[in-house]
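One structure is given here, and the rest of the page talks about it.
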Amino acid sequence: MSGSPWTPRALTPDDLPGLLAVQRACYGDGFVESAAVFARRLASPANCSLVLEHAGAVCAYLAAYRSVQGKVTPLHGDFEALAHTDTLYLHDMAVLPALSGQGVARALLQPLWAQAAAQGLQHTALVSVQGSEAYWARHGYAVQPLADAAQQARLASYGAGAVYMARRLGAGV
Ligand SMILES: CC(C)(COP(=O)(O)OP(=O)(O)OC[C@H]1O[C@@H](n2cnc3c(N)ncnc32)[C@H](O)[C@@H]1OP(=O)(O)O)[C@@H](O)C(=O)NCCC(=O)NCCS
Numbered sequence: 000m001s002g003s004p005w006t007p008r009a010l011t012p013d014d015l016p017g018l019l020a021v022q023r024a025c026y027g028d029g030f031v032e033s034a035a036v037f038a039r040r041l042a043s044p045a046n047c048s049l050v051l052e053h054a055g056a057v058c059a060y061l062a063a064y065r066s067v068q069g070k071v072t073p074l075h076g077d078f079e080a081l082a083h084t085d086t087l088y089l090h091d092m093a094v095l096p097a098l099s100g101q102g103v104a105r106a107l108l109q110p111l112w113a114q115a116a117a118q119g120l121q122h123t124a125l126v127s128v129q130g131s132e133a134y135w136a137r138h139g140y141a142v143q144p145l146a147d148a149a150q151q152a153r154l155a156s157y158g159a160g161a162v163y164m165a166r167r168l169g170a171g172v
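Everything in the sequence shown is counted per numbering that gives the first Met the number 0, starting at 0 for the first residue and increasing by one.
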């Protein structure tokens with residue numbers, strides 16, 4: 000039987016020390032977010048973040064929540080719960096470098112896309128940083144301009160090179 004050996008589960012507050020270690024391993028100082036902001040995000044009703052463990056420790060995470068098209072979460076920003084949502088927003092995904100290229104990221108993404116589509120969300124979006132634009136393009140995401148000045152300012156919190164990307168969520172996720 001084929002299938003991924005990686006089985007994600009919901010991210011919990013107990014995972015935060017491990018998440019921070021993965022975050023430090025994957026990002027430069029400019030993108031490091033605090034345990035306090037992740038704890039607030041986990042408490043949001045909109046949160047749907049996942050985590051993966053390997054050898055008893057967090058090895059990867061995908062911080063995500065239900066949002067709306069064209070809305071950017073600024074660096075260090077909260078996962079704001081909205082009355083109406085149409086978009087699975089992927090805020091941050093990181094995989095320990097030692098495990099890269101083994102399908103860990105895909106194992107985090109696929110169940111979240113499927114769950115969001117089943118919940119009726121029609122879009123998925125993210126801010127691409129650290130030269131990850133080609134990675135997300137391979138998953139069908141395309142750069143989209145932001146018309147709203149407030150959202151442009153949020154995007155600017157990630158510095159030069161950050162782009163807002165989105166795609167539709169379909170039956171084939
Ligand atoms: C990007 C990242 C999440 C991918 O995780 P992963 O578990 O290695 O991904 P997968 O194994 O599912 O997929 C790997 C594939 O993506 C490709 N890939 C990885 N990073 C890429 C990039 N920056 N640009 C284009 N392709 C990329 C690999 O070459 C590989 O291709 P293959 O399937 O043809 O061999 C991981 O490298 C990471 O944590 N990077 C640092 C944090 C980061 O930049 N996150 C995204 C910010 S928005």
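Here a beta-carbon is modelled for each residue, glycine too, at the ideal position from N, C-alpha and C. The model shown is predicted, which means the values in this text are computed figures rather than measured ones.
> If you compare alpha carbons, which of Gly55, His83, Gly27 is closest to Gly174?
Replying inline: Given a span of 0 to 172 for the chain in the structure shown, any question on residue 174 remains unanswerable.
> Expressed to the nearest angstrom, what Euclidean distance is found between the alpha-carbon atoms of Gly130 and Tyr64?
Replying inline: Cα-Cα distance, rounded: 23 Å.
>> Less than 7 Å separating the Cβ of Arg153 from some heavy atom of ligand 2?
In response: Among the ligands present in this structure, namely ligand 1, ligand 2 is not found.
> What residues in its chain sit with their C-beta under 8 Å from that of Gln150, if we drop five residues either side in the sequence?
Replying inline: Take Gln150, set aside five residues on each side of it, and the residues of its chain with a beta-carbon closer than 8 Å to its own are Gly69, Lys70, Val71, Tyr163, in chain order.
>> Please list the terminal residues of the continuous alpha helix (DSSP H) segment that includes Ala103.
In response: Looking at the sequence itself, residue 103 is Val, so the reference to Ala does not match. Where Val103 is concerned, the enclosing alpha helix (DSSP H) stretches over 103-117.
>> Considering only the alpha carbon of each residue, which of Leu74, Leu98, Leu81, Ala104 lies closest to Ala155?
In response: Leu74
>> Does chain C have any CB closer than 8 Å to the CB of Gly55?
In response: Among the chains in the structure shown there is no chain C, since it carries only a single protein chain.
>> Let's test the definition: count the other Cβ atoms within 10 Å of the Cβ of Val21 and tell me whether it reaches 16, buried, or not, exposed.
In response: buried
>> Quick check on DSSP: helix, strand or coil for Glu198?
In response: No answer is possible for residue 198: it lies beyond the span of the chain, which begins at 0 and ends at 172.
>> What would DSSP say about Asp77, mapped onto helix, strand or coil?
In response: coil
> With DSSP run on the structure shown, which of helix, strand or coil describes Ala93?
Replying inline: strand
> By a C-beta neighbour count over all protein chains shown, 10 Å radius and 16 as the cutoff for buried, is Ser127 buried or exposed?
Replying inline: Counting Cβ neighbours within 10 Å, Ser127 comes out buried, since at least 16 surround it.
> Is there contact between the region 89-108 and the region 3-10, where contact requires at least three CB pairs shorter than 8 Å?
Replying inline: yes
> From Ala148, Pro110, Arg167, pick the residue whose C-alpha is nearest to that of Gly136; which is it?
Replying inline: For the record, residue 136 in the displayed sequence is Ala; it is not Gly. Of the listed residues, the one whose Cα sits closest to Ala136 is Arg167.
>> Check for me: the beta strand (DSSP E) holding Tyr60 runs from which residue to which?
In response: 56-66
>> Counting C-beta neighbours from all protein chains within 10 Å, is the total for Arg177 16 or more, i.e. buried, or is it exposed?
In response: Since the displayed the chain opens at 0 and closes at 172, residue 177 lies outside it and no answer follows.
>> Going by beta-carbon coordinates alone, are Ala59 and Leu107 separated by less than 8 Å?
In response: yes
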